[in-house]
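In the working numbering, the protein residues as written are 3 to 445.
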């Protein structure tokens, strides 16, 4: 009888491939991966192959990628290099190769020529890492070329923490060959106890709980790993997080690794789209129709009821998501108990609206007055009481500059925010009986 069910095999990575090279934690080197019958068949017919790795920097600043070979083979021709914003560079790997890649940030050379970086520094004192790994916290891409019977394995890992978004995508190959991405800026949602800050007080990386705390239980799924998983569902959030985090490809593909990767629709393009809406009133009708469709997804999901002016509310959420490059349903600052709407309102109240803009964007890539105007409009649109929200025609007038936005109605603090979502811990209900009064206005 033929055996067609999925089966589990053990994929042995070299010990170093999932080890904090600083010695703080060692992760088991046997990773169970579930392979389909199709993958197993392709393994038997494939052979060893080399691969070209192309690095592209989509960040608004320079990064210094590092490379580390982990299967006791010679290091690659480049173990570290400088990569300017928007630049690309490729290196070749040999067949049957395994290793990791990361990016160092905020690097400089001192007066005596010692090269250091504030995040993911490899400690070599040079741009080249020379066989040293990046110090956590660091976002990692891990690749095994021509592993078990020729099958490639690859992933994005936050096991060593996070310092910037990364993605890895096969170029060619056969099988699923799906891209693995961590598009979110995890630093913005990092709990205070895991934050690494620069001298200016900004959060530049987010530690792994496994490395920060000595309790071995924290190397298992915890609220910390759930935060990482919520921000980057495809990435490893703890050592054995394999179910949705290990990807495979057959047929000898090349790979594209992107720093400051983003999903469909880059934030810069979306902000430009907002500016276009601000000055082309004819698009108002399109916005109106799209927002009515989107409202069912946004506000119904929040409260289970479709309320009046939900199109306005949905548009407001969309505006704030576009500016921040954060998802309303995924963003949450745990130590301050702030969802995206409450966070945006707090920044607006303190006159710090520009801090909502995704930090990966260059300061000259957007108009500060337009961003401040759009944040104000977005917050007006997400008012809890529908009577406090503008109508869609009013929104169009405000976007086109037909009304004085800043000197007009002031947004009230949002009460219904994402912290009330089932995605976040909530106080347990008491056993006391109580009555509930239905609020007719809704949203």
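For each residue, glycine too, the CB sits at the ideal point set by N, CA and C.
Rounded to the nearest angstrom, the gap between the Cα atoms of residue 416 and residue 343 is 7 Å. For residue 313, the enclosing alpha helix (DSSP H) stretches over residues 312-326. Per the coordinates, the alpha-carbon of residue 356 lies some 17 Å from the alpha-carbon of residue 318. In its chain, beyond the 5 residues on either side, 69, 70, 71, 72 and 145 have a beta carbon closer than 7 Å to the beta carbon of residue 101. Nearest in C-alpha terms to residue 203, of all of 194, 171 and 160, is 194. Of the other Cβ atoms in all chains shown, fewer than 16 fall within 10 Å of the Cβ of residue 370; this residue is therefore exposed.
Counting of Cβ neighbours within 10 angstroms places residue 182 among the buried residues, the total reaching 16 or more.
When the five nearest sequence neighbours on each side are left out, the beta carbons in the same chain lying within less than 6 Å of the beta carbon of residue 109 are those of 66 and 119, in order along the chain.
In this structure residue 175 touches residue 255 by the C-beta definition: roughly 3 Å separates them, less than 8 Å. DSSP, read as helix, strand or coil, puts residue 69 in strand.
Excluding sequence positions up to five before and after residue 104, its CB lies within less than 6 Å of the CB of 68, 122, 136, 140 and 142, all in the same chain and listed in chain order. In this chain, the alpha helix (DSSP H) harbouring residue 347 covers 342-351. For secondary structure counted as the beta strand (DSSP E) over 3 or more consecutive residues, the region 212-260 holds these complete runs in sequence order: 249-251.
Along the region 121-163, the alpha helix (DSSP H) does not occur as any fully enclosed run of 4 or more residues.
Remark: C-beta atoms of residue 125 and residue 134 approach each other more closely than 7 Å.
Boundaries of the beta strand (DSSP E) around residue 172: 168-173. Straight-line measurement puts the Cα of residue 225 at about 18 Å from the Cα of residue 184. In this chain, the beta strand (DSSP E) harbouring residue 94 covers 90-95. Put simply, of 328, 90, 87 and 392 the residue whose alpha carbon is nearest the alpha carbon of residue 315 is 392. Contact between residue 92 and residue 55 holds: CB atoms are separated by about 7 Å, below the 8 Å threshold.
Taking a C-beta distance under 7 Å as the contact criterion, residue 81 and residue 130 qualify as a contact pair.
Excluding residues up to 5 positions away in sequence, 157, 236, 237 and 238 lie with their Cβ nearer than 7 Å to the Cβ of residue 247 in the same chain.
Rounded to the nearest whole angstrom, the C-alpha separation of residue 209 and residue 198 is 7 Å.
Across the structure, residue 312 and residue 381 are spaced so that their CA atoms are roughly 14 Å apart.
In this model, residue 325 and residue 230 are separated by some 22 Å (Cα to Cα).
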